[in-house]
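Participant:
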Amino acid sequence: MPRWFRLLMALVCALELPICLYLTGALLSANDPPQPPPPPHTPHEWIRQNSFLPNDIRTHRPRAALISLVRSSELAGILQSMSQLERHFNRHHKYPWHFFSETPFTPSFINATSSATDAPTSYHLIPHAHWSIPDFIDRDRFMQSLDYVGAIGVGKGHMVSYRHMCRWNSRFFYHHPALRDYDYYWRVEPDVHFFCTIPYDPFALFAHFGFVYGFNMAILEDARSFPSLWPATRAFVADNPHLLHPDADPTWLFDLDSESDSSTSSSSGGIDSIYNNCQFFSNFEIGDLRFFRGNHGSSDDHDLGQDSPDIRMRSPHDLYVDHLDRLGGFFYERFGDAPIHTLSVSLFAPRDRIWWFGDIGYQHDKPPAETGGYVLADVVGRESLKTRNSWLEKKVGWDRDVELAWGGDGYGGYVRQG
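Using the working numbering, the letters of the sequence shown correspond one by one to residues 2 to 419.
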């Protein structure tokens, strides 16, 4: 065999070997099962990997419920909310619905709401002690507060039922025995809209990353509704500094450019600054019940005060809201559950355990009386706008000194046009 022929054959074999190895590897990999994607490192990666997946409610899933504080008279409104949330989310997951009211639900309400979903439905009566004026409240002072807050135009300030609602949503809902076996809740109000498909399970997202609170929007609240809330919060923190979470960052809630001492503000994380009255809009919220109630679960005890024997097992939130309640802020003023939840999760939870559901299309309709021009709520923001914007106008006939003399904050006459 000529030498040149042997060299040619050697060259051909050298070229064929990598081709054969490549084809063999391709055939083997084609027969291998598909490899799962790498584990998600961020919530957004998790959402991309877990959207539009088939759901089997028989498999392990978070212990979660949809909850609604609603009256039988609000049937049309809650059916509106249920229809959209069921269509865009819960028909795939069938998380149970739990309805709460201070009065018994009518048979027509029960029949209509249970027919609006394939998920289980339950109906619960709020204990009288959780929806009544406690003994430590001065009733004469409370009635005077109703008249005053209503007279100066604070929204729903004259409504006794609204005070009870704010107190229940702040302090009692997570103690109700109906929620004892759940870890997470999704609050659903009547007359709200969910416009878009929710292609993943928010409860599973919470369980995977350890989130404790989720919101959809943040708004400014009327500062006149809770003038003592921030001083009371600062006093509680001063008495209980060990309850502040080391990874919390509440500085987004404070006006760090205010006249408060800058050195004090920087050393205390802004706790000595002015609260800017920003709040998570709690009409939409998803939360971890364990953050709110602590380790002792739900309770049938109507008195959850500081002298409770299980105080060491109570959550920072539970101790905090008990402190606010004992000061009478839900009745002498109009403390809302939204600013209380906002302050609580910002002080007692790690910053990276709060999640913004910016991808959920949500709308909460305002009553017709609230759709026009409105009083600017934030004291700091109003003062700033007053000096820099020509479109901030005063009410006709309004006098700041007169309002201050009557106990107002001196900013109730400024109205934003448009």
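All C-beta atoms in this analysis are idealised placements derived from N, C-alpha and C, irrespective of residue type, glycine included.
1. Taking DSSP's pairing of strands, which residues face Arg164 in a bridge?
2. Assign Leu28 to one of three DSSP states: helix, strand, or coil.
3. Leaving out five residues before and five after Pro317 in sequence, what residues of the same chain have Cβ atoms less than 6 Å from its Cβ?
4. What residues in its chain sit with their C-beta under 8 Å from that of Arg352, if we drop five residues either side in the sequence?
5. Since Phe216 contacts Phe292 with CB under 8 Å, what's their CB separation in whole angstroms?
6. Taking 9 Å as the cut-off, decide whether the C-beta atoms of Tyr185 and Gly288 are in contact.
7. Under 9 Å between the Cβ atoms of Ser109 and Ile127?
8. Reducing DSSP to helix, strand and coil, say where Trp356 ends up.
9. Should the stretch 217-234 be regarded as contacting the stretch 323-332, the criterion being three or more beta carbon pairs within less than 8 Å?
10. The beta strand (DSSP E) spanning Glu286 covers which residue range?
11. Around the Cβ of Ser116, are there at least 16 other Cβ atoms within 10 angstroms (buried) or fewer (exposed)?
12. Between the stretch 47-58 and the stretch 195-205, are three or more C-beta pairs nearer than 8 Å?
13. Could you tell me how far apart the beta carbons of Leu180 and Ala66 are, in whole angstroms, since I believe they sit closer than 8 Å?
14. Under DSSP, the alpha helix (DSSP H) around Ser102 begins and ends at which residues?
15. Which residue marks the beginning of the beta strand (DSSP E) containing Trp187, and which one marks its end?
16. Which residues in the same chain as Trp253 place their Cβ atom closer than 8 Å to its Cβ, once the five residues preceding and following it in sequence are excluded?
17. What ranges does the alpha helix (DSSP H) occupy inside the stretch 210-252, keeping only unbroken runs of at least 4 residues that lie completely in it?
18. Within its chain, find whatever has a CB closer than 7 Å to the CB of Phe106; leave out the 5 residues flanking it on each side and keep chain order.
19. Alpha carbon to alpha carbon, how far is Asp192 from Leu70?
20. Could you check whether Tyr333 and Ser146 sit closer than 9 Å to each other, using their CB atoms as the reference points?
21. What three-state label does DSSP hand Asp119 in the structure shown?
22. Can you name the residues that DSSP bridges to Val193?
23. Taking Leu76 and Ala130 to be in contact with their CB atoms under 8 Å, please state how far apart those CB atoms are, rounded to whole angstroms.
24. Using a Cβ-Cβ cutoff of less than 7 Å, which residues in the same chain neighbour Leu290 once the five nearest sequence positions on both sides are dropped?
25. Is it right to say Tyr214 is buried, meaning 16 or more other beta carbons lie within 10 angstroms of its own, or is it exposed?
26. Going by DSSP, what residue range makes up the beta strand (DSSP E) through Phe331?
27. Return yes when the Cβ of His89 is within less than 9 Å of the Cβ of Phe196, no when it is not.
28. Pro41 and His209 - do their beta-carbons sit closer together than 9 Å?
29. Residues in its own chain within less than 6 Å of Gly295 by CB, not counting five upstream and five downstream?
30. Identify the continuous beta strand (DSSP E) that holds Ala339 and give its terminal residues.
31. Please check the pair Ser52 and Val189, which I expect to be a contact at CB under 8 Å, by giving their CB distance rounded to whole angstroms.
32. Is the separation between the beta-carbon of Arg335 and that of Arg142 shorter than 9 Å?
33. Just grab the DSSP bridge partners of Leu67 for me.
34. Give the secondary structure of Ile153 by DSSP, where H, G and I count as helix, E and B as strand, and everything else as coil.
35. How many Å lie between Asp139 and Ile355 at the Cα?
Facilitator: In brief:
1. Answer is none; Arg164 lacks a bridge partner.
2. For Leu28, the predicted structure reports a pLDDT of 46, less than 50, and the residue's modelled location is therefore unreliable. The matter cannot be settled from this model.
3. Leu244 and Phe349
4. Asp248, Ala249 and Asp250
5. Their Cβ separation, rounded to whole angstroms, is 14 Å, which puts Phe216 and Phe292 out of contact at 8 Å.
6. yes
7. No, these two residues do not count as a Cβ contact at 9 Å.
8. strand
9. yes
10. Glu286 to Asp289
11. exposed
12. At 8 Å Cβ cutoff, the stretches touch.
13. 7 Å
14. Segment Trp98 to Ser102 is the beta strand (DSSP E) holding Ser102; no alpha helix (DSSP H) there.
15. Tyr185 to Arg188
16. Cys279 and Ser347
17. Those alpha helix (DSSP H) runs which fall completely within the stretch 210-252 and span 4+ residues are 230-240.
18. Ser73, Phe100 and Tyr124
19. 12 Å
20. Closer than 9 Å, so yes.
21. If DSSP states are grouped into helix, strand and coil, Asp119 belongs with coil.
22. His365
23. With a Cβ gap of about 27 Å, Leu76 and Ala130 do not count as contacting.
24. Tyr175, Leu180, Tyr183, Asp184, Tyr185 and Tyr186
25. buried
26. Element bounds for Phe331: not the beta strand (DSSP E) but the alpha helix (DSSP H), Gly330 to Tyr333.
27. yes
28. yes
29. Met314, Arg315, Ser316 and Asp319
30. Per DSSP, Ala339 belongs to no beta strand (DSSP E); it is in the alpha helix (DSSP H), Asp338 to Phe349.
31. The Cβ separation is near 22 Å, so there is no contact.
32. no
33. Trp98 and Trp187
34. coil
35. One C-alpha to the other measures close to 37 Å.
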